[in-house]
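Written below as structure tokens is the structure these notes are about.
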Amino acid sequence: MFVHYLKTAWRNILKDKGYSTVNIIGLSIAIACCFLLLFWIRFELSYEKCYPGSERIYRIMEEENRTDGLHYKATVRPAIDTQLKNTFPQIEYSTFTSWEELPLTIEGKEGDGIMAKVLSTNEEFLRMFAYEYVEGSPEGVVESHGSIISEKAARKFFGNESAVGKTLQFDKKGDFNYTISAVVKMPENSHVTFDVLTLRDEKFYGGVHYIKLKQGANITPDFEKQMKRFLSTTRETKNTLKLQPIRDMHLHSPKEVTDHSFGSPAQIYFFSVAVLLILLIAVINYVNTSVARSLNRMKEVGVRKVFGSDRKQLVARFLLESFILSFIALLISLILVELLFPSFSEIMGTRIALKFDFGTILIAILTCLAVTVLSGGYAAFYLSSFSPMQIMKGGSKTGSKNGLRKTLVGVQFFLSISVLICTVFIYKQINAVFNAETGVDRKNI
13 MFVHYLKTAW
23 RNILKDKGYS
33 TVNIIGLSIA
43 IACCFLLLFW
53 IRFELSYEKC
63 YPGSERIYRI
73 MEEENRTDGL
83 HYKATVRPAI
93 DTQLKNTFPQ
103 IEYSTFTSWE
113 ELPLTIEGKE
123 GDGIMAKVLS
133 TNEEFLRMFA
143 YEYVEGSPEG
153 VVESHGSIIS
163 EKAARKFFGN
173 ESAVGKTLQF
183 DKKGDFNYTI
193 SAVVKMPENS
203 HVTFDVLTLR
213 DEKFYGGVHY
223 IKLKQGANIT
233 PDFEKQMKRF
243 LSTTRETKNT
253 LKLQPIRDMH
263 LHSPKEVTDH
273 SFGSPAQIYF
283 FSVAVLLILL
293 IAVINYVNTS
303 VARSLNRMKE
313 VGVRKVFGSD
323 RKQLVARFLL
333 ESFILSFIAL
343 LISLILVELL
353 FPSFSEIMGT
363 RIALKFDFGT
373 ILIAILTCLA
383 VTVLSGGYAA
393 FYLSSFSPMQ
403 IMKGGSKTGS
413 KNGLRKTLVG
423 VQFFLSISVL
433 ICTVFIYKQI
443 NAVFNAETGV
453 DRKNI
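Quick note: the sequence shown, position 275, residue 287 per this note's numbering, numbers continuous.
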């Protein structure tokens with residue numbers, strides 16, 4: 013029975029190629045746009061989740077209560093993370109990061125050097141932030157007291173040659189040498205990044221400090237209250253220490269914190285709304301064309317009812333036809349996503365990884381089913397609602413049908429205007445982010 017329904021649905025699709033082509037093109041473009049936006053939204057929400065146990069990692073910030081309100085700093089005095097770890101048993105690891113942009117050259121070679129982000133930290137950083145090692149291992153780095161280079165920086169300095177065992181230097185005297193012991197792949201959805209990492213004694217460094225709690229441990233108000241005694245200051249302001257989950261750094265950091273770039277919650281909200289609006293416009297367009305085509309299928313419905321088809325069977329036939337169209341549109345949309353993804357990533361200023369994992373496949377299946385039900389549902393129930401006698405007499409409730417179509421066209425127009433407004437807003441937001449003054453000369457990086 014199902015095979016028969018499938019063959020019939022396929023024949024109906026091929027019978028009216030113009031109608032089928034219009035719906036497939038409209039749905040495929042809409043679904044492709046939705047997928048591109050959803051990939052970006054998921055990427056923005058995934059920051060710092062690439063590290064095992066990231067939900068237990070916190071950044072230590074200093075909160076200052078001034079007369080004009082609360083202000084925050086991401087840098088705190090040296091060794092405060094170690095003091096906290098030695099005091100609170102629920103802390104598993106503690107580390108610090110201090111970085112600077114330095115012109116590095118390959119040992120033995122002349123030249124002005126290439127600017128690189130050099131990160132100084134301690135051994136526990138390697139346990140807290142587990143990177144993917146392309147060459148070497150964290151144990152080897154600790155044993156040799158060597159340095160780590162990112163895969164991107166390794167290609168920039170050494171090309172296709174292995175970077176392990178080679179040395180980068182800051183000055184010609186050899187006072188600041190970085191002998192490479194490992195190469196790591198740097199995640200795109202993280203702010204804790206570097207070109208070169210070197211191990212240093214933290215008591216000489218301030219910077220950004222992190223702690224990682226033990227499994228099952230929690231941050232309590234009393235915990236943060238006790239932290240205040242480790243903040244030595246001679247200023248009159250009432251300063252305290254606060255712990256910020258690293259998963260909140262990208263979207264929910266205070267404006268004063270300038271150790272990393274920011275994401276925009278407003279952009280995520282607007283993109284999410286845009287996804288829904290685009291999908292609704294495509295669905296309404298499908299319903300409009302389906303209702304407009306319904307008069308041509310009245311006799312088909314009447315004949316099938318005369319020969320014993322009940323309403324459930326007719327609904328199943330039309331929904332199956334809608335599913336086939338939606339599935340074809342889905343396949344085409346995935347091809348469009350693959351083709352447009354590099355340009356989309358460049359426009360958004362991010363290097364989003366295009367991964368069709370289980371979550372992506374599940375979203376694709378749910379999208380296909382949702383489009384099937386929303387797009388084909390009304391047409392299926394509308395066409396199957398007539399009795400054979402009504403059809404033979406030519407009664408098709410055209411008045412109510414035309415009223416619905418006018419309503420849908422009006423809604424579609426309103427949604428289209430809303431999408432245009434969202435597009436203009438997002439465009440201005442992206443321009444604002446790219447043109448914002450960050451204090452960094454990007455040309456020399």
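Ideal Cβ positions, reconstructed from N, Cα and C, are used throughout, including at glycine. Please read all numbers here as calculations on a predicted model, not as lab measurements.
Going by C-alpha to C-alpha distance, which of the options sits closest to residue i?
i: valine 327; options: Thr384, Glu135, Arg259, Ile43; result: Thr384
i: alanine 44; options: Glu151, Lys85, Cys380; result: Cys380
i: serine 159; options: Leu49, Pro64, Ser132, Gly30; result: Ser132
i: isoleucine 377; options: Ala341, Leu432, Arg259; result: Ala341
i: phenylalanine 426; options: Tyr70, Ile296, Glu155, Glu144; result: Ile296
i: glycine 228; options: Thr20, Gly65, Arg23; result: Gly65
i: aspartate 28; options: Leu337, Arg89, Asn230, Arg139; result: Leu337
i: proline 101; options: Ile231, Glu122, Glu200; result: Ile231
i: isoleucine 3; options: Tyr298, Ser430, Phe437, Phe393; result: Residue 3 is absent from the structure shown; the chain starts at 13 and stops at 457.
i: phenylalanine 55; options: Phe393, Glu200, Lys440; result: Glu200
Is it true that the CB of residue j sits closer than 8 Å to the CB of residue i?
i: lysine 164; j: methionine 198; result: yes
i: asparagine 134; j: leucine 253; result: no
i: valine 208; j: isoleucine 161; result: yes
i: valine 220; j: serine 193; result: no
i: methionine 73; j: tyrosine 84; result: yes
i: asparagine 251; j: glutamate 76; result: yes
i: threonine 59; j: methionine 261; result: Correcting the residue identity first, residue 59 is tyrosine in this sequence and not threonine. Taking 8 Å as the Cβ cut-off, tyrosine 59 and methionine 261 qualify as a contacting pair.
i: isoleucine 118; j: lysine 168; result: no
i: serine 113; j: lysine 129; result: Contrary to the premise, residue 113 reads as glutamate rather than serine in this sequence. A contact, by the Cβ cut-off of 8 Å.
i: serine 40; j: isoleucine 290; result: no
i: tryptophan 111; j: phenylalanine 206; result: yes
i: isoleucine 258; j: tyrosine 70; result: yes
i: valine 195; j: valine 154; result: no
i: arginine 329; j: threonine 33; result: no
How long is the line joining the alpha carbons of residue i and residue j, rounded to whole angstroms?
i: threonine 246; j: leucine 82; result: Any reading at threonine 246 must be qualified, since the residue scores a pLDDT of 44, below 50, and its modelled position is unreliable; the value itself is stated next. Distance between the alpha carbons of threonine 246 and leucine 82: 18 Å.
i: aspartate 124; j: leucine 180; result: 13 Å
i: serine 202; j: isoleucine 223; result: 16 Å
i: glutamate 173; j: leucine 331; result: 58 Å
i: phenylalanine 182; j: phenylalanine 170; result: 16 Å
i: leucine 255; j: asparagine 35; result: 52 Å
i: phenylalanine 137; j: valine 287; result: 39 Å
i: threonine 435; j: leucine 50; result: 15 Å
i: glycine 152; j: cysteine 46; result: 45 Å
i: threonine 419; j: alanine 294; result: 15 Å
i: methionine 239; j: alanine 86; result: 15 Å
i: glutamate 236; j: valine 88; result: 15 Å
i: alanine 382; j: serine 156; result: 57 Å
i: threonine 372; j: glutamate 358; result: 21 Å
i: proline 233; j: proline 90; result: 24 Å
i: alanine 166; j: lysine 226; result: 34 Å
i: arginine 139; j: isoleucine 103; result: 13 Å
i: arginine 23; j: lysine 324; result: 20 Å
i: leucine 57; j: serine 428; result: 27 Å
i: isoleucine 375; j: glutamate 122; result: 53 Å
i: proline 150; j: aspartate 213; result: 17 Å
i: phenylalanine 437; j: lysine 61; result: 28 Å
i: leucine 18; j: phenylalanine 339; result: 13 Å
i: alanine 142; j: proline 266; result: 26 Å
Distance cutoff 8 Å, beta carbons only. Does residue i sit that close to anything in chain C?
i: alanine 229; result: This model lacks chain C altogether; it includes just one protein chain.
Using a Cβ-Cβ cut-off of 6 Å (strictly less than) and excluding sequence neighbours within five positions of residue i, which residues of its own chain qualify?
i: leucine 263; result: Gly275, Pro277
i: threonine 79; result: none
i: asparagine 189; result: Thr179, Gln181
i: leucine 292; result: Leu427
i: glycine 120; result: none
i: glycine 411; result: Residue confidence is low: glycine 411 scores 49 on pLDDT, short of 50, so the model does not pin down where it sits. Its coordinate-derived value is still stated next. Around glycine 411: no qualifying Cβ.
Starting from the C-beta of residue i, find all residues in its chain whose C-beta is less than 8 Å away, skip the five residues before and the five after it, and write them out in chain order.
i: tryptophan 52; result: Phe283, Phe356, Met360, Thr362, Ile364
i: serine 106; result: Asp93, Thr94, Leu96, Lys97, Glu136, His221, Tyr222, Ile223, Lys224
i: phenylalanine 353; result: Leu48, Phe51, Ile364, Leu366
i: valine 15; result: none
i: isoleucine 25; result: Ser32, Glu333, Ile336, Leu337
i: valine 431; result: Ala286, Leu289, Ile290, Ile293
Could you tell me if residue i is buried or exposed, where buried requires 16 or more neighbouring beta carbons within 10 angstroms of its beta carbon?
i: glycine 148; result: buried
i: serine 350; result: The question names serine, yet the displayed sequence has glutamate at residue 350. So glutamate 350 ends up on the exposed side.
i: phenylalanine 368; result: exposed
i: glutamate 268; result: exposed
i: threonine 109; result: buried
i: alanine 42; result: buried
i: leucine 116; result: buried
i: valine 204; result: buried
i: phenylalanine 370; result: exposed
Skipping 5 residues on each side, what residues in its chain have a beta carbon closer than 7 Å to that of residue i?
i: valine 423; result: Ile296
i: phenylalanine 393; result: Val327
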